[in-house]
Amino acid sequence: MEFGLLSLIIFLPFFVAMGVLFFPFSAQMTRNIAFATSVIILFLAFKIYYEFELTGYLQLREYHLWMKSYGINYSLGIDGFSLIIMMLIATLIPCAYLMLWDGRTKGYWVSMLLIQTGISGTLFSQDLILFYFFWEAMLLPVFMIIGMFGTGNRVHSTIKITIYTILGSLFMFVCILYLGVQFYHEYGLWSFEMSDLMVISTISRTESLWLFFGFMLAFAIKIPLFPFHTWLLETYSNSPTGGVFLLSSIMAKLGVYAIVRFMMPLFPKLYVEFAPYMMWLGIFGLLYFGIAALMQINIKKMFAYSSASHLGFIVAGIFSLNTYGLTGAAYLIIAHAMATGGIFLLIGKMEYSIGIKAIPALGGIAKQAPLFTTFFAIMLLCIIGLPGTNGFVSEFLIILGTFKFHPTAGIVSAFTVLVAAIFMFWMFQRVILQKTSNDISDMVDLNFKEVLGMLPLAVMIISMGVYPDFFLYKIEPTIQHYLINILHIGVK
Amino acid sequence: MYPDFLYIAPLVFVGFGGILLMLLSPFKQITIRMAAFIALFFMLCATGLYFYNISELYSYYPYAQTFGSMIVADNYSAYFSTILLAGAIFTILIGVHYFEKNRGFTTEFFSLFLFSLFGMMLLVHATELITVLIALEIASLSLYVMIGFQKHLDKRMEASFRYLVLGSISGAFFLLGTAFIYANTQTTKISQIGIFIQNNPQSDVMLLIMGVCFIFITFLFKIAAFPLQNWAIDVYDGAPYPVTAFMAGTFKAAIFGFILRFVLVDLELIIDFWDNILYVVILLTLLYGSFLAIIQQSLKRMLAASSIVHTGYLLIAFISIDITGKSAASSIIFYLVAYFLSSMGAFGLLSYISSDDKVRITYEDFRGFAHIRPYMAAMMSVFMLSLAGIPSTIGFIGKFYIFVAAIESGYTLLAVFGILATFVSIYYYFRLIAIMYFYPSAKMQDVPTLHGMAPYFIGIISLIIIWGGIGNTLITYFPGVDFLMDMARLAYDSLQVK
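Residue numbers (the numbering used here), protein chains in the order written: chain A, 1055 to 1546; chain B, 5 to 502.
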C-alpha cells in the first residue's frame, strides 16, 4: 500500500500525538515536538503548492479500499480551493504555536496536534463518509481543549458547542447515508465517493430540498450563520486562546469550504436557486453581527461577533455565483483567518499578562508594548479592509460580486463594511492608543518568538494585498471549473 | 465433511465444564480463581473449535437421527456462539477480581455461568421451538440464580426475584405461542413452519400469526423493548456488575440470535403484519429509553437505561428485515458485536473500579477521575464514545450499518428518530467524559489501586473498539470490520442453505 503526501500531512500529527502520549515527555518537550511537526507539515504543504497544476480538477488522488461491503474508501484529493486552505492552515498553525509558546500543559499540545489531523482530513476527503469521519472526530480534541483549559463556565459551554455541532452533523450523516442509498438504488453498487454521488439523478425535488438543508444545517452551525450562532459568544469567551483561534480562523472556514466543496457539486440546481436567499442571509449576518460586535465591551466578545460578521460576508461571496464573489470569498477566507487568528492570539497574549478586561479599562497599550501595537494594527487594518492589505482585495472583490448579483446587495455590504471600519478604529483608539489612568503596567511586549510567530502573518497580509495576482492564479481554474462545469452558469 | 461430534463439540465442552465445576464445588481447595480458570479453559476450547472452517459456507444437522434435526450447526450459529463465548470469556477475565473481592461467590457460580452460556449457545443452534424454550430457560434460570448469588444483599435478592417472576411469565407466553403454532402447522420445527407458510394462503395461518405474536412478546421482554422494559433498569442495577455486563451484551445477542433465525427462515413472507406495531414499539423504546437514561444519576442505571435505547437501534434494523434481509440482518449481527464490546468494556471497568472498598456509583463520584487514573479514564471515554457512535470507534460503524439498512428499506423517518436518540445520548455519555476530565481531581485517598490483569483486558477491549472503528484493509492480514461484516453475511447465507 502506498500513501502520498496528503496522508502524511493528515496522519503525521496524529502519530506524533500518540507517540507523545505514550512517552513521559514534559510539556516543553511536547511543545517542541508539536512545533517541529507543524513546521514539517508547512514544508510538505509548500511542496504540494509548487507541484500543483493549474487545472480545476482533483490532484494528488489517493485511493484505498476501506470498508468494501459498503464501498467506503479512503479517498483523498485536492483542488485549488482546498489547496489554498491547506496552505493557510499549514502557515497559521506553527505561527500560533509560537504565540502560545509558554504556560501550556501536555494535554493542550496533544489536542492541538489531533485537531490538525482532523482539519487536514476534512480538507482532503473525497469520500463523504471519510469526510464525516474527520468532521466528527475533529470535535473531540476541541471538546477537550475548551473543557480542560477554558475559563468561566467552561463545562457548560463545552457541552453546548458539542451538542450544537453534533446536532448538525448527525443530520448531515443521515443525508449522506440517504445519498449513498439512492446511488445504490440507481446504479446497483455502493459508493459514497463525491464524484459518484454527483451523478445521482433519481432524487426528487422534495428529497433534495431536505438533503440540501440537512447539509446546510451542519455547515451553518459550524460557521456560524444567523440564526445558528447562539453558541458563539459563550464558547468564544470561555475558550482558551488556542481554542478561539482554532474555532474562528480554521473550523469556521471549514464550514464555508464544505459548502463550496460538497453542496455546490451535489445540489447544483438548488444551490443556484437558493443563492439569493443565502446571500441575503449572509449580508444580514454581516449587518447583524456587525451591530452586535459594537455593543460588546469585552474585546474578545467583540471580535467574536466581528468574526461572525465577516463569515456572513464570506457566505454572501460564495453565493454570489460569479468569479468576483467566489474569488473574493476564497481570498477573504485567507485574509480573515490570518487577521482574526492573529488578533485572537494577540488578545490571548494580552489576557495572559493583564487578565481579561473590558474595553473602557484598557488604554495606552501602544506606549507599553509597541511591537504588540504594530501587529495588532496590521491585523486590524486587514479586518477592516484598508487598501494595501489582503482584506481590501477580498472585500472589494466580494462587494463587486454582490453588486453584480444585485446592486442593492452590493451597496448594503459596502456600507456595512465602511461603518464597521469606523467603529474598529474607534475601538483601536480606546484600547491601544488613548492615554488613560488605567493600570496596564503588567502588559509586556511581544518577545522574539512571538514576533517570529506574528511576522509571517503580517508579511502575508501585506504582500497578498499588494500583489494579489501571485496568490490568486492557483485558485482561478478551480473557481471557473465550479462555475462552468458544475453550476452550469458560466463565468460572468 | 467432519465427524458429527465436531459440530456439537463446543456445546459439549461448555456443558461438560459446567457439570465438572458443579462436581468440584464441595471441595474447599478449589479457589475462585481456579474455578474461573477451569471455566475459561472449557470456553477457550469451545471457541477454538468454531474456527476450523471459518470461511466455508455450511449448514449441517449433527446426529440428525438422535436429535431429530433439532440442532443445527451452521455459520450462523458459529458466529453467534463465538460472540457469546467472547462475551463470557471477557466477563470472567474482567470479573475474576470482582468475584474474589466480594463476599458470596463460590465455585457453583462458575458452574451456573457455564450452564447459562450453554443455554445461550443452544439457543442459537436450536431449530425447534421446544428446544428453544428449553435453551432459553436453561440460560434464564441460571441467570436468575447468578443475579441473586450474593444472598446477604437484599438488592440482589430483589432483582433476582423480580426477574424470575417476570421472566417466567414471558416464558409462558413463549410456550403458548408454540402451542398455537403447533395447532396450526402440526410442527414445531422452524424450517417446516416456513414451508407451511409458503404452501398455504395467509387466511390459513392466522393462528400461527397469533402464536408468533406471543413469541414476539417474549422476545420484546427479553431484549427490554417498550412496553416490556421496566424490569431492565432494576435488574441490571441489582445484579453484580459482571452479571450485568454478561446480560446486557451477551444474553441480548443470544436472544437476537434465535429470533433472527426464526424470522429469516420462517416468517419473511408474513412478517408485514408486525411492522406497524413494531414501528410504534421502536419509537417508544427510543423515546422512553432516552428519557430514562437522561434522568439517571447512577452510572450503572444509566448504562442499563441506555441499553434500552440500543435495543431500539437494533429494532430499527429488525423492522427493515423483510425488505432488505441481508443487509439488515448482517447489520444487526454487527451492531450486536459493537454493543457487546462497548457495554462489556463500560460495565467491566465499573466493576473493576468498584470491586474495592470505595464504591463509585454516580456521575459525581467520577469527578476529576482522569487526573488520578488517566488510562482508565481514557478507556472509559473510548467506551462512552463507542456507545454514542462517534467516528473512530466500532459503535460508529455499527450505527452506520443500522441506519443504512433502515434508509435502504425506506424507513428514513425511523433513521431520523434513531439519529435524534443518538443526539440525546450525546448528553448522557459525554457528561461522564466531561465530569472525568474537566474538574479538578477528587481526594487522593480515593485512588483505586491497580491489581490483577483486568485493566489489561479492558484495555484490549478498548483497542478492539478503536480498531473496529478505523481498522480496515490497510493492514490486510489482520481482521477488521470488513471481516466481521463478511462473516455476518456468510452467517446470513448459511440460513438459506437448504
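The beta-carbon is built from N, C-alpha and C at its ideal position, and this holds for glycine as well.
For the stretch 1115-1132 of chain A, list every residue whose C-beta sits within 9 Å of some C-beta in chain B, in sequence order. H1118, L1119, W1120, M1121, K1122, S1123, Y1124, I1126, Y1128
Neighbour list for A1191 (chain A) in chain B, Cβ cutoff strictly below 8 Å: I394, P395, S396
Around the Cβ of V428 (chain B), are there at least 16 other Cβ atoms within 10 angstroms (buried) or fewer (exposed)? buried
C-alpha distance - F1246 (chain A) paired with T416 (chain B), whole-angstrom precision: 18 Å
Hey, would you say M124 (chain B) sits closer than 8 Å to A258 (chain B), going by beta carbons? yes
Using beta carbons (cut-off 8 Å, strictly below), is G1201 (chain A) in contact with chain B? yes
Bridge partners - H101 (chain B), DSSP secondary structure assignment: DSSP lists no partner for H101 (chain B).
Please name the residue or residues paired with A1412 (chain A) in a DSSP beta bridge. A:N1352
Using only alpha-carbon positions, find the residue among A:P1322, A:T1171, A:L1096, A:R1158 that is nearest to I1064 (chain A). A:T1171
So that I know if they touch, is there some Cβ in chain A lying closer than 8 Å to that of Y431 (chain B)? yes
Note the first and the last residue of the continuous beta strand (DSSP E) segment covering G1131 (chain A). 1126-1132
Looking at F153 (chain B) and G108 (chain B), is the spacing between their C-beta atoms short of 8 Å? yes
For E1247 (chain A), does the three-state DSSP call read helix, strand or coil? strand
With contact counted as at least three CB pairs below 8 Å, one residue from each stretch, are the stretch 1335-1354 of chain A and the stretch 1423-1440 of chain A in contact? no
Which residues of chain B have a Cβ atom closer than 8 Å to the Cβ of M1198 (chain A), listed in chain order? Y441
Taking beta-carbon pairs under 8 Å, can you tell me which members of the stretch 1200-1220 of chain A lie near chain B? G1201, M1202, R1208, V1209, T1212, I1213, T1216, I1217, I1220
How big is the Cα-Cα spacing for S466 (chain B) and M489 (chain B)? 19 Å
Could you tell me the alpha carbon to alpha carbon distance between L224 (chain B) and K1307 (chain A), rounded to whole angstroms? 47 Å
What residue range is occupied by the uninterrupted beta strand (DSSP E) comprising Q1113 (chain A)? 1113-1121
Looking only at DSSP bridge pairs, what is D78 (chain B) linked to? B:S63
Reduced DSSP secondary structure (H/G/I, E/B, other) of D1181 (chain A): strand
As a quick exercise: from A:M1140, A:A1071, A:G1110, pick the residue whose alpha carbon is nearest that of F1100 (chain A). A:M1140
Please specify which runs of the alpha helix (DSSP H), each continuous and at least 4 residues long, are wholly inside the stretch 1270-1327 of chain A, giving them in chain order. 1286-1292, 1295-1299, 1306-1312
Would you mind working out which of B:F351, B:A495, B:L391, B:I439 sits nearest F461 (chain B), comparing C-alpha positions? B:F351
State yes or no: is the beta carbon of I3 (chain B) nearer than 8 Å to at least one beta carbon in chain A? The structure shown has nothing for residue 3 (chain B), since chain B only spans 5 to 502.
Contained alpha helix (DSSP H) runs [length at least 4] in the stretch 148-230 of chain B, N- to C-terminal order: 158-189, 194-203, 210-226
Neighbouring residues, chain A, relative to I423 (chain B) (Cβ below 8 Å): L1224, F1225, F1227, V1228
Other residues of its chain near A39 (chain B): CB distance less than 7 Å, five sequence neighbours each side excluded: L25, T111, F114
Bridge-paired residues (DSSP) for T366 (chain B): B:S302
Among B:G91, B:I312, B:I336, B:L89, nearest to Y292 (chain B) - alpha-carbon criterion: B:I312
To which residues of the same chain is L179 (chain B) closer than 7 Å at the C-beta, ignoring the five residues directly before and after it? L137
Could you name the residues of the same chain whose beta carbon sits closer than 6 Å to that of F1282 (chain A), not counting the 5 residues immediately before and after it, in chain order? A1274, I1275
If contact means a Cβ-Cβ distance below 8 Å, which residues of the stretch 1071-1097 of chain A contact chain B? none
To the nearest angstrom, how far is it from the Cα of M1055 (chain A) to the Cα of M1121 (chain A)? Confidence at M1055 (chain A) is low in this model, with a pLDDT of 48, below 50, so its placement is unreliable and the value that follows should be read with caution. The straight-line gap from Cα to Cα measures roughly 16 Å.
Residue-chain proximity (G1234 (chain A), chain B), Cβ-Cβ < 8 Å: yes
Taking three-plus beta-carbon pairs below 8 Å as touching, is the stretch 179-198 of chain B in contact with the stretch 148-164 of chain B? no
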